[in-house]
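>
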Amino acid sequence: MVAGLAKLLSFAIAMTTNVPNMSLLINHCRFLTCIAQNAIEASFNGTSLGEVSRLCSSLIKHCIENKSLTEARVVHAHIIKFGLLRFSVGNKLTDGYLKCGCIVDARKLFDELPERYIVTWNSMISSYIGKRKLKEAVLLSTRMVSEGVLPDEFTFSSVFKAFSELGLVNGGREAHGMSVVLGLEVSNVFVGSALVDMYAKFGNMKEAQLVADRVMCKDVVLFTALIVGYTQLGDVSKALKVFGDMINLGIYANEYTFSSILITCGNLEDLRVGKLVHGLIIKSGFEPVVASQTSLLTMYARCGLVNDSLKVFKNFLHPNHVTWTSLIVALVQNGKEEVALSKFKKMIRSSVLPNSFTLSSVLQACSSLAMLEGGKQIHAMVAKFGVDRDRYAGAALVDLYGKCGSTEMARSVFDALVGFDVVSVNSMIYAYAQNGFGHEAIKLFHQMKDLSLEPNDVTVLSVLLACNNAALVEEGCQIFASIRNDETIELTRGHYACMVNLLGRCGRLEEAEMLIKQVRNPDVVLWRTLLSACRVHGEVEMAERALKRVVDLAPEDEGTHVLMSNLYASTGNWSQVIEMKSTMRELKLKKNPAMSWVEIDKEVHSFMAGDCWSHPRSKEILETLEYLIEKVKVLGYVPDTRFVLQNMDEENKKRSLYYHSEKLAIAFALWKTENRTTTIRIFKNLKVCGDCHSWIKFVSKVVGKEIIARDAKRFHHFKEGLCSCGDYW
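Letter by letter, the sequence shown follows residues -16 to -1, 1 to 713 of mature numbering (1 follows the signal peptide of the UniProt record, and there is no 0).
1. Under three-state DSSP, which class holds Lys298?
2. How would you write the range of the alpha helix (DSSP H) that Trp597 sits in, first residue to last?
3. Does the distance between the C-beta of Gly155 and the nearest non-hydrogen atom of the ligand ADP fall short of 6 Å?
4. Can you give me the Cβ contacts of Phe138 inside the same chain, cut-off strictly under 6 Å, excluding the 5 residues immediately before and after it?
5. For Ser268, which residues in the same chain have their Cβ closer than 8 Å to its Cβ, ignoring the five residues on either side in sequence?
6. Is the CB-CB distance between Val290 and Lys320 below 7 Å?
7. Going by other Cβ atoms of all chains shown within 10 Å of its Cβ, with 16 needed for buried, is Tyr416 buried or exposed?
8. May I ask which residues mark the beginning and end of the alpha helix (DSSP H) holding Phe464?
9. Taking C-beta to C-beta, are Gly176 and Leu152 nearer than 7 Å?
10. Taking the alpha carbon of Cys47 as the reference point, which residue from Lys76, Val143, Lys65 has its own alpha carbon closest?
11. What residue ranges within the region 133 to 176 form continuous alpha helix (DSSP H) runs of no fewer than 4 residues, ordered along the chain?
12. Kindly indicate which three-state DSSP category Ala693 falls into: helix, strand or coil?
13. Compare the C-alpha of Ala349 against each of Leu337, Lys327, Val336 and name the closest.
14. Kindly list the residues whose CB is nearer than 7 Å to the CB of Leu606, restricted to its own chain and excluding five residues on each side of it in sequence; keep chain order.
15. Should Lys119 go down as buried or exposed, given a rule of 16 or more other Cβ atoms within 10 Å for buried?
16. Would you grab the beta carbon distance between Val457 and Leu499 for me? Rounded to a whole angstrom, and I think it's under 8 Å.
17. Who are the near neighbours of Ala146 in its chain, counting only those whose CB is closer than 6 Å to its CB and skipping five residues on each side?
18. With a 10 Å radius around its C-beta and 16 neighbouring C-beta atoms as the bar for buried, classify Lys637 as buried or exposed.
19. Quick one: Cα of Gly109 to Cα of Val204, how far?
20. Just the Cα atoms here: how many angstroms apart are Ser559 and Ala553?
21. For Glu583, name the three-state secondary structure that DSSP assigns.
22. Considering Cα atoms alone, identify which of Val484, Arg512, Leu612, Arg477 is closest to Ala504.
23. By a C-beta neighbour count over all protein chains shown, 10 Å radius and 16 as the cutoff for buried, is Arg382 buried or exposed?
24. Any idea if Ser566 is buried or exposed, counting beta-carbon neighbours within 10 angstroms, 16 or more meaning buried?
25. Just to confirm, are Trp655 and Glu604 a CB contact at a threshold of 7 Å?
26. Give every residue of the same chain whose Cβ lies closer than 6 Å to the Cβ of Cys709, excluding the five residues on either side of it in the sequence, and list them in chain order.
27. Any idea what DSSP makes of Leu224, helix, strand or coil?
28. Residue ranges of each alpha helix (DSSP H) run of no fewer than 4 residues wholly in the region 362 to 428, ordered along the chain?
29. Quick check: the Cα distance between Thr126 and Phe186, rounded to an integer number of angstroms?
30. When you compare each of Ser580, Phe144, Ala455 to Ile666 by their alpha carbons, which one comes out closest?
31. Could you pull out every residue in the same chain whose Cβ sits closer than 7 Å to the Cβ of Tyr642, ignoring the five residues on either side in sequence?
32. Identify the continuous beta strand (DSSP E) that holds Lys703 and give its terminal residues.
33. Considering only C-alpha positions, which residue in the set Thr663, Asn669, Lys668, Lys697 is nearest to Leu683?
34. Mind checking Cys482: buried by the 16 CB within 10 Å criterion, or exposed?
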């Protein structure tokens, strides 16, 4: 009878996969359950425990194959009914629950087992780790040892991962010690690799290397863990050495090794090594692998070879969201924002859904281009995908609105975030800083303590910039002094440059120069910042000292030469201007041409200083410009020819001022939006000159519109004849 029921049971299990619909499947499962009950009862009554175990094992196997938790529970009930938990069946059923995805039932059964096999312990621990229940995994491994069950290589491989993810250094060391006692650290490559990975994640590469050196039979997993560890710590030379050692030992790299070493090459910006690795990837047949191709794309981008990144991308038949995101990030980081936005649109058309990192990168592109309308569309998409409160996307949105001059929107997004972190707070402080809201930036900076957030070097840089743009000299000095006494934040040259600018622009030039001398090995930026302050106050002698320092450090720094030439011109020293321009020609240095642009109806229009005739609407631009000039003159505008840095007569100086790029951009924007009440937003690549600043104030009063101008330094909000900067910039 038992044999017959066993055959019937096997037939019923085999038929399960061929049941055509759900209704029949339910009836079939009931039939199967009935057979199982009879089979177990018959076997038990026949006292054949081996037959019982085999039948139960078959049923459990069936449940696993069909991921049927319901059937597993039925089998469980029969096993309990006939008192079979004391046999191996209980351990197999625990594994069955785990493979059916029910760790709760598995743990409940596990705790009831009179005898637990090492395999069952390992399965439970591994499942906890897979479910990210790391603390439970560690606690269970501790209980395992306390009950006298010695861990094996599979136990250690799992628990080392749990310790590393939880950052439990002491627990990891204790487990390491036990693996040494049991002789598994050196003899077993799985344990050795897991140990290397654990210490690498702890940031302890010295210990990771010591373990790796002791392991007798090294494999690709161990070497890859070392490469990843060194790369994450920024020690790219050692990462490359490990890769070389692995190749010399005849160990073949896998896709993860190649991906890791390509990241190393990208961080090092070493194109030569990167191309050698690319050759090895082709030779090893891993080029079609997505992970390798994505890392190749990123490596070329970090080396500045955007076209090579695009070529790699073309090899993808079906790029996923990771690949698309890698490409978009690469383009944005290399200043190809418009191409990045084009690729993003293509990604959406390809029905590939972006994640928060993709959207954050696209928002960064919109920020760089100051595309407010385009940014708003991405904002809508961010909300649609439910990541508007994600910290990366949220910070990117705050940054976007801040860089487009919309501080109110930036604050609205910031306030809606679920929990603040340093990144989002930094973005908001920087938004305030760029738009001249110094007091608001300082207030948020001091509120960080209430939010249990520690400021970092970026926070300090942003709040000092806010003090700069709002002429808050004493407040800036107090913050700088407090940070100098704070050992948790290391002041950089960027912080000192902010203070030099703050002191210099308010006329405290001697203090600014003394501050530079306190910096070990001051760089070009510091001396150029002082020179710029000297330009504001017409201080030629100190500027020449700063120029000498810059020339010693970087003789071909064009920005410094342009500043000095402008200083000579503003003080009427034309012979020195001629000499400076001659030096620039000899060094083949060129001044960046002034350029302004404006976005109207999702289209960007650019204007070069002195050139409006090349624009298809030049006639309308000139007519609008002439109208505005006449109107502002009535209100008291007088062209300030001090800002014409060329030796010409007064009349020509006045005319040259009329065709500055920002004036052309504003004239076009006002003509284009004549019947709208919209705010005018323009952007300039250089600092706005004093004459244009005065002119725009008058224009804002004439047209009754707010004009927001972002130059190389900050935002200016012009309204009713006033500017938010208070004429300090």
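Ideal Cβ placement from N, Cα and C applies to all residues, glycine included.
The structure says:
1. helix
2. Here Trp597 belongs to no alpha helix (DSSP H), and DSSP marks it neither H nor E.
3. Absent from the structure shown: the ligand ADP. Ligands present: none.
4. Asn106
5. Tyr236, Ala237, Phe242
6. yes
7. buried
8. 457 to 468
9. no
10. Lys76
11. 137 to 150, 153 to 165, 168 to 171
12. strand
13. Lys327
14. Cys596
15. exposed
16. Val457 to Leu499, Cβ: 13 Å. No contact.
17. Ile113, Leu118, Ala121, Val122
18. buried
19. With the sequence shown as reference, residue 109 is identified as Ile, and Gly is not the correct amino acid for it. Computed Cα separation, rounded: 25 Å.
20. 9 Å
21. strand
22. Per the sequence shown, residue 504 should be read as Arg rather than Ala. Comparing Cα-Cα distances from Arg504 to each of Val484, Arg512, Leu612, Arg477, the minimum goes to Arg477.
23. Looking at the sequence shown, residue 382 is not Arg but Val. The residue in question, Val382, is buried, as its Cβ has 16 or more Cβ neighbours within 10 Å.
24. exposed
25. yes
26. Gly420, His700
27. helix
28. 375 to 387, 391 to 400, 406 to 418
29. 21 Å
30. Ser580
31. Leu609, Ile613
32. 699 to 703
33. Note on identity: in this sequence residue 683 is Val, with Leu being the wrong assignment. Closest by alpha carbon: Thr663.
34. buried
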